[in-house]
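Heads up: the structure comes next, in structure tokens.
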Amino acid sequence: MGYLGAFLFLLGALGALAEICEIPEVDSQLVEKLGQRLLPWMDRLSLEHLNPSIYVGLRLSSWQAGTKENLYLHSLKLNYQQCLLGSASSGHNSHCQAKPSMGQLALYLLALRANCEFAGSHKGDRLVSQLKRFLEDEKRAIGHKGHPHTSYYQYGLAILALCVHQKRVHNNVVDKLLYAVKHEQHLHQGHLSVDTVAMAGLAFTCLERSHFNPSLRLQITTAIGTVQEKILKAQTPEGHFGNVYSTPLALQMLMASSTSYLELGTACLKAKAALLASLQNEVFQNTLVISQLLPVLNHKTYIDLISPDCLAPRVMLGPATETFSLTSEIISVTLKVLSIFPPYKQSIFVLAGSSLEDVLKMARELGGFTYETQASLSGPYLTSVMGNEVGEREFWQLLRDPDTPLLQGIADYRPKDGETIELRLVRW
Ligand code: B12
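Read left to right, the sequence shown gives residues -18 to -1, 1 to 410 (mature numbering (1 follows the signal peptide of the UniProt record, and there is no 0)).
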């Protein structure tokens, strides 16, 4: 009987463990290194470079950047409010090249919450109304065209941002996201990425916790289960959910929701091991991805923004110690573009360690090749090659021969000697 009791207790304990997604402690030096990568970006205070996701990531981490952080939030407020609310006639927003998008406004509202602020003032209310209007427009676009103007990722992000500010959205707005998650295989643009599903799951989790949209409660709970299932199914043999860069958001989603999936605990431990290996190999270079990972390493998620702990002690980040490995080795990278006529193919010689962006610059300098980029929160986004701008729902995909899409953008990816990189115009 004693043995049976102990056995049952052990089973119960294992069951309880298996139902939570927990990430054990990670070496704090490795985490600090990640945080330090954000520091140089916090000195760039123009609208083009401001990134509310950096602020959110840092506030939900165990590290802080002292006064730099306050200055950063101040610049975010100045620029976002001027560009979104300033009237063109008063000249207030003359320095705004482009209005922040729906997703950027949503991230800005998350940044305010990360500082324990509610969008309650007159200005805050107007921003909330703008975000609601964006969502209404997107809802109509989904009704007409079957997809939003922006993406389901931004749609989920916007619902999440309003939710953490305790702002409700209509059932029919939530309904469109519920439908997309449930019927994703029937949507004509194919499957939703793990990042997109995870963002939708975070939005649903917030709605569930806040008891919003009570008449959709059952559908919301079911959708959370569907999202968890999709994320778990997308786990790779190494342990990543989707790919290494979607794992942070996927983990945020899994950590935020309690679940009855028995395999959850094991899946998260495996993901954590994969993350650790990636951290050690310095795979995380991109500030946006780092900003999504830092909360996870501090056992936090965007759901914590419902009631953030702004007094939690955070350690000051030390100055970054960059280790430059200067090399004079020259490598050859072949650049090809077959989506145009006549096709382009050229070997480009650059210094070892150069980014793909350096290769593109060199190709342009040599002549016969042109390209354009647009600044985004993930870095420079390739928008045009040889004068061919992307049309609606098209993008210039980056691939490594024979046919492997790159997991990084032009600024972060560093081709190896002898590699062939293709730029391909595709629909998404
Ligand atoms: C939607 C999306 C796309 C859409 C964007 C079109 C659209 N109208 O939305 C499409 C399918 C076209 C796309 C393309 C690519 N993407 Co993408 N994308 C995303 C996703 C899911 C959401 C981005 C978003 O809306 N953010 C919120 C808004 C508020 O921020 P934003 O900066 O204003 O958003 C713009 C940029 O993110 C830009 N964008 C989208 N992807 C990428 C990737 C890079 C490297 C850059 C610089 C910009 C960029 O498009 C957004 C809309 O304008 C993220 C997931 C994530 N975790 O962030 C991946 C993500 C950013 N993409 C990624 C990648 C790798 C790419 C590609 C490089 C893939 C490839 N091999 O070609 C290309 C970009 C190539 C190029 N031309 O420069 C990675 C980046 C990883 C990293 N290390 O930085 C992510 C994190 C996905 C992942 N887990 O792998 N993407």
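Glycine is no exception: its CB is placed at the ideal position from the N, C-alpha and C atoms.
As the structure is a prediction and not an experimental result, all values here were calculated from the model.
Look at the alpha carbon of residue i and the alpha carbon of residue j, and state the distance between them as a whole number of angstroms.
i, j, result
"Pro325", "Met368", "10 Å"
"Val297", "Leu87", "29 Å"
"Leu251", "Val38", "25 Å"
"Leu348", "Phe331", "10 Å"
"Tyr62", "Tyr90", "8 Å"
"Asn225", "Lys254", "13 Å"
"Ser360", "Ser337", "15 Å"
"Cys98", "Thr204", "30 Å"
"Val315", "Glu404", "11 Å"
"Leu139", "Ser310", "44 Å"
"Leu16", "Thr365", "29 Å"
"Lys149", "Gly391", "35 Å"
"Glu211", "Asp385", "29 Å"
"His222", "Arg115", "36 Å"
"Gln18", "Asp286", "23 Å"
"Leu144", "Cys292", "19 Å"
"Ser358", "Gly125", "27 Å"
"Gly400", "Ala345", "16 Å"
"Leu174", "Glu120", "17 Å"
"Leu279", "Asn195", "31 Å"
"Glu354", "Val372", "11 Å"
"Val209", "Tyr137", "16 Å"
"Pro22", "Arg375", "33 Å"
So residue i is in the alpha helix (DSSP H); what residue range does that whole segment cover?
i, result
"Ala256", "246 to 262"
"Leu200", "199 to 215"
"Gln390", "Unbroken run through Gln390: none, as it is neither H nor E."
"Ser273", "269 to 279"
"Arg191", "176 to 191"
"Ala232", "229 to 238"
"Gln136", "134 to 146"
"Arg346", "338 to 348"
Which class does residue i belong to by DSSP, given the choice of helix, strand or coil?
i, result
"Asn97", "coil"
"Ser71", "Its pLDDT being 44, under 50, Ser71 is placed unreliably by the model, and the measurement read from it follows with that caveat. Note: Ser71 maps to helix in three-state DSSP."
"Leu287", "helix"
"Leu405", "strand"
"Thr355", "strand"
"Leu(-5)", "Caution is warranted here: a pLDDT of 45 is assigned to Leu(-5), below 50, making its placement in the model unreliable, and the coordinate value is therefore given only provisionally. It is helical."
"Arg382", "strand"
"Trp23", "helix"
"Pro34", "helix"
"Lys50", "helix"
"Thr303", "coil"
"Ile124", "helix"
"Gln11", "helix"
"Gln328", "strand"
"Asn370", "strand"
"Glu376", "strand"
"Phe266", "coil"
"Val297", "strand"
"Leu42", "coil"
"Phe323", "coil"
"Leu92", "helix"
"Phe223", "strand"
"Leu333", "strand"
"Ser111", "helix"
"Lys398", "coil"
"Ser83", "coil"
"residue 441", "Residue 441 is absent from the model: the chain starts at -18 and stops at 410."
Below 8 Å on the Cβ atoms is my contact criterion, and I expect residue i with residue j to pass it. Report the Cβ-Cβ distance as a whole number of Å.
i, j, result
"Leu67", "Tyr284", "Not really, about 25 Å apart at Cβ, beyond 8 Å."
"Val319", "Pro397", "Contact doesn't hold; Cβ gap of about 15 Å is too wide."
"Val146", "Leu117", "Their Cβ separation, rounded to whole angstroms, is 15 Å, which puts Val146 and Leu117 out of contact at 8 Å."
"Ser35", "Ser273", "4 Å"
"Gly335", "Glu14", "Actually they are not in contact, since the Cβ atoms of Gly335 and Glu14 sit about 24 Å apart, beyond 8 Å."
"Leu29", "Cys65", "6 Å"
Mind checking which residues open and close the beta strand (DSSP E) that includes residue i?
i, result
"Thr316", "312 to 319"
"Val156", "Careful: Val156 lies outside any beta strand (DSSP E), inside the alpha helix (DSSP H) at 153 to 164."
"Gly361", "361 to 367"
Is the separation between the beta-carbon of residue i and that of residue j shorter than 8 Å?
i, j, result
"Ser83", "Thr49", "no"
"Gly247", "Cys78", "no"
"Val163", "Val179", "yes"
"Leu236", "Ile206", "no"
"Ile313", "Arg191", "no"
"Leu233", "Asp177", "no"
"Ala238", "Thr187", "yes"
"Leu159", "Ala123", "no"
"Tyr227", "Leu389", "yes"
"residue 411", "Asn153", "What is shown of the chain runs -18 to 410, which leaves residue 411 out entirely."
Measuring only from the beta carbon, is residue i closer than 7 Å to any heavy atom that is part of ligand 2?
i, result
"Ile403", "Looking for ligand 2 in the displayed structure turns up nothing; the ligands present are ligand 1."
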